[in-house]
Amino acid sequence: MINNVYNLLLCKEENICTFRDLDTNEDYINMRNGLYNIRSRALKPHTPKLYSTIQLDCEYHPEDVHRPVFDRYMNDLCSDNEGIIDEEKKAVLQEYIGLILSNVKVYRAKLCLVLWSLLGNSGKTQLLNLTSHILGEDKIANIPLQHMNEGSKFLLGGIVGKRVISIGDQTGSEIKDSAVFKQLTGGDPVKIEPKNKQPYYYTFPGGITIACNNLPSFQDDKGGHIFERMCIVPCLNTIEQDRRDGAILDKMLMERNAIFNWFLEGLHRLISNNYKVTKCQACEDAVKEYREKLDTVYRYLSECYIITGNKTDMISKPDFESAYITWCQFNNFTNVNKQNIKDRMEANGCPVGKANVDGRRGIMVYRNLKQKNDGFQRITEDDCIQQEIPFW
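The sequence shown stops at residue 1602 when you use our numbering, and every number in between is there.
Dropping the structure here:
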């Protein structure tokens, strides 16, 4: 004890670092056999000048590319029901996991990775487990999305110093407050309140990875913001019972050096593309379907209207709302309460205004949209009276 105090007294100021000095250099990845520089793409010796608490449990050997077990696993994970491999899905996973295994701030991509398999037994959780083993279990936090809110202020302390929030079994329950989720994925500081200590603000540099059979239901934000943060990778291939390998994680860890090289390719591609992941049609379709399921106003807009961004394109507000509610009835959907339709429309880029429409002067309208030629028939209050259809 006395020796430790003596050494601290002799320590020079330039040799003292604070918590905020740790893991800040984005140019290096700390490997067991050295420091990989992502700019020069070369390995350098370890140095005490680099303050790093994250050392990957693998070594960098650029010639090591043999990974047969991992390659088979990824092909299975990214195959559809007919066994056709989706290379776009593989590229997305390669880039996002590569980003997590680096020291680059994940919020530059502004994405949360969601591995979604409705039927289960797709092997999706093994990818999260593999990532956790390479990073180190001490760099993993586990906080379900529904607990990422101001009411769970003590739980958020668990993300400090972590590289990834990994949720292996996210439920499909309702999430009433998405503010903290958007802060974490967007690089905004969140309030941390440790027990019996002063609160402070912390910017989480890591990523969020989720595996689930049912997608979570965000209730507070139905605009585009929350869905732009979701990178949903549908895992459609259910592994048959006789092909499931309980030791596959151990086998893949034997190939970890070669696996790292594969993820490193994805990291470099992501950086060169300004942190935009590879375009994947299956992922885009999954996000669109997810959004339509959560927000019937958005689905109605997508099916029946074109959002033009031109304020001279407009639809009567009463006519739009009556047609939307009738459309929900015809399709057995639960419509949004009428007082909330306006908020949803504005979140989707269609603000309310006053204008002259179809000979009617000074009526309320939604701007920036026009009806498709094959859109759902617009119903006015007069139409409802004549056809004895309820008008709200």
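Quick reminder that beta carbons are idealized off the backbone N, C-alpha and C, glycines included.
Residue i and residue j closer than 8 Å at C-beta
| i | j | result |
| --- | --- | --- |
| Val-1370 | Ile-1310 | no |
| Gln-1408 | Ile-1385 | no |
| Asn-1331 | Thr-1419 | no |
| Glu-1298 | Cys-1445 | no |
| Ala-1603 | Ile-1442 | It is not possible to answer for residue 1603, since the shown part of the chain is limited to 1211 through 1602. |
| Cys-1422 | Trp-1326 | yes |
| Ala-1301 | Thr-1488 | yes |
| Leu-1365 | Ile-1353 | yes |
| Met-1241 | Glu-1273 | no |
| Val-1316 | Gly-1416 | yes |
| Leu-1260 | Leu-1245 | yes |
| Arg-1177 | Cys-1322 | Nothing about residue 1177 can be reported from this structure: the residues present for the chain run from 1211 to 1602 only. |
| Leu-1504 | Phe-1428 | yes |
| Ala-1468 | His-1276 | yes |
| Ser-1526 | Ile-1573 | yes |
| Leu-1477 | Ile-1212 | no |
| His-1435 | Lys-1498 | no |
| Tyr-1283 | Met-1462 | yes |
| Ala-1351 | Gly-1378 | no |
| Glu-1465 | Phe-1280 | yes |
| Ile-1239 | Ser-1312 | yes |
| Ala-1492 | Asp-1348 | no |
| Asn-1424 | Thr-1381 | yes |
Rounded separation between residue i and residue j - CA only
| i | j | result |
| --- | --- | --- |
| Arg-1479 | Met-1358 | 31 Å |
| Glu-1591 | Pro-1528 | Bear in mind that a pLDDT of 49 at Glu-1591, under 50, signals an unreliable position, so the model cannot answer this. |
| Asn-1566 | Ile-1535 | 23 Å |
| Gln-1451 | Gly-1333 | 12 Å |
| Phe-1470 | Val-1324 | 21 Å |
| Glu-1236 | Leu-1474 | 14 Å |
| Lys-1405 | Phe-1414 | 19 Å |
| Tyr-1412 | Lys-1582 | 47 Å |
| Thr-1506 | Gly-1346 | 42 Å |
| Asp-1460 | Asn-1547 | 52 Å |
| Met-1555 | Leu-1394 | 26 Å |
| Ile-1294 | Met-1524 | 44 Å |
| Pro-1426 | Leu-1253 | 41 Å |
| Pro-1600 | Cys-1514 | With a pLDDT of only 44 at Pro-1600, under the threshold of 50, the placement of this residue in the model should not be trusted; the figure read from the coordinates follows. Their backbone Cα atoms lie some 21 Å apart in a straight line. |
| Gln-1549 | Phe-1530 | 13 Å |
| Phe-1437 | His-1256 | 41 Å |
| Glu-1509 | Ile-1516 | Contrary to the premise, residue 1509 reads as Arg rather than Glu in this sequence. Taking the straight line from one Cα to the other gives about 12 Å. |
| Ile-1551 | Ser-1376 | 35 Å |
| Gly-1519 | Asp-1553 | 17 Å |
| Leu-1328 | Pro-1399 | 34 Å |
| Asn-1243 | His-1271 | 9 Å |
| Ile-1396 | Asp-1387 | The question names Ile, but residue 1396 is Gly in the sequence shown. Taking the straight line from one Cα to the other gives about 16 Å. |
| Lys-1372 | Asn-1291 | 36 Å |
| Arg-1251 | Glu-1494 | 32 Å |
| Leu-1303 | Tyr-1410 | 33 Å |
| Arg-1454 | Thr-1341 | 20 Å |
| Gly-1456 | Pro-1258 | 40 Å |
Extent of the continuous beta strand (DSSP E) run through residue i
| i | result |
| --- | --- |
| Ile-1239 | 1238 to 1241 |
| Leu-1579 | 1579 to 1581 |
| Leu-1329 | Counting along the chain, Leu-1329 falls outside any beta strand (DSSP E), and DSSP gives it neither H nor E. |
| Met-1524 | 1524 to 1526 |
| Lys-1564 | 1562 to 1567 |
| Leu-1253 | 1252 to 1254 |
| Tyr-1485 | From DSSP, Tyr-1485 is part of no beta strand (DSSP E); its letter is neither H nor E. |
Host alpha helix (DSSP H) of residue i (start-end)
| i | result |
| --- | --- |
| Cys-1322 | From DSSP, Cys-1322 is part of no alpha helix (DSSP H) but of the beta strand (DSSP E) over 1322 to 1326. |
| Ala-1319 | Run containing Ala-1319: none; DSSP gives neither H nor E here. |
| Ile-1497 | Checking the sequence shown, residue 1497 turns out to be Val, not Ile. It spans 1491 to 1504 - the alpha helix (DSSP H) in which Val-1497 sits, taken as one unbroken run. |
| Tyr-1246 | Run containing Tyr-1246: none in the alpha helix (DSSP H); it sits in the beta strand (DSSP E), 1244 to 1247. |
| Lys-1349 | Careful: Lys-1349 lies outside any alpha helix (DSSP H) and carries neither H nor E. |
| Thr-1341 | 1334 to 1345 |
| Lys-1259 | Unbroken run through Lys-1259: none, as it is neither H nor E. |
| Met-1555 | 1548 to 1557 |
Complete beta strand (DSSP E) runs within the stretch 1393 to 1480 (minimum length 3 residues, chain order): Listed in chain order, they are 1400 to 1402, 1410 to 1412, 1417 to 1422 and 1440 to 1444.
Stretch pair the stretch 1258 to 1267 + the stretch 1280 to 1294: three plus CB contacts closer than 8 Å: In short, these stretches do not touch, since the Cβ pair count stays below three.
I'd like the ranges of any alpha helix (DSSP H) spanning at least 4 consecutive residues and lying wholly in the stretch 1262 to 1310. DSSP runs (the alpha helix (DSSP H)) wholly in the stretch 1262 to 1310: 1278 to 1287.
Three or more C-beta pairs under 8 Å: does that hold for the stretch 1483 to 1494 against the stretch 1541 to 1549? Result no; under three Cβ-Cβ pairs closer than 8 Å.
Does the count of Cβ pairs from the stretch 1558 to 1565 and the stretch 1576 to 1584 closer than 8 Å reach three? Cβ pair count under 8 Å is three or more, so yes.
My parser needs the beta strand (DSSP E) runs of 3 or more residues fully inside the stretch 1365 to 1392; what are they? Counting only runs of 3 or more, we get 1374 to 1377.
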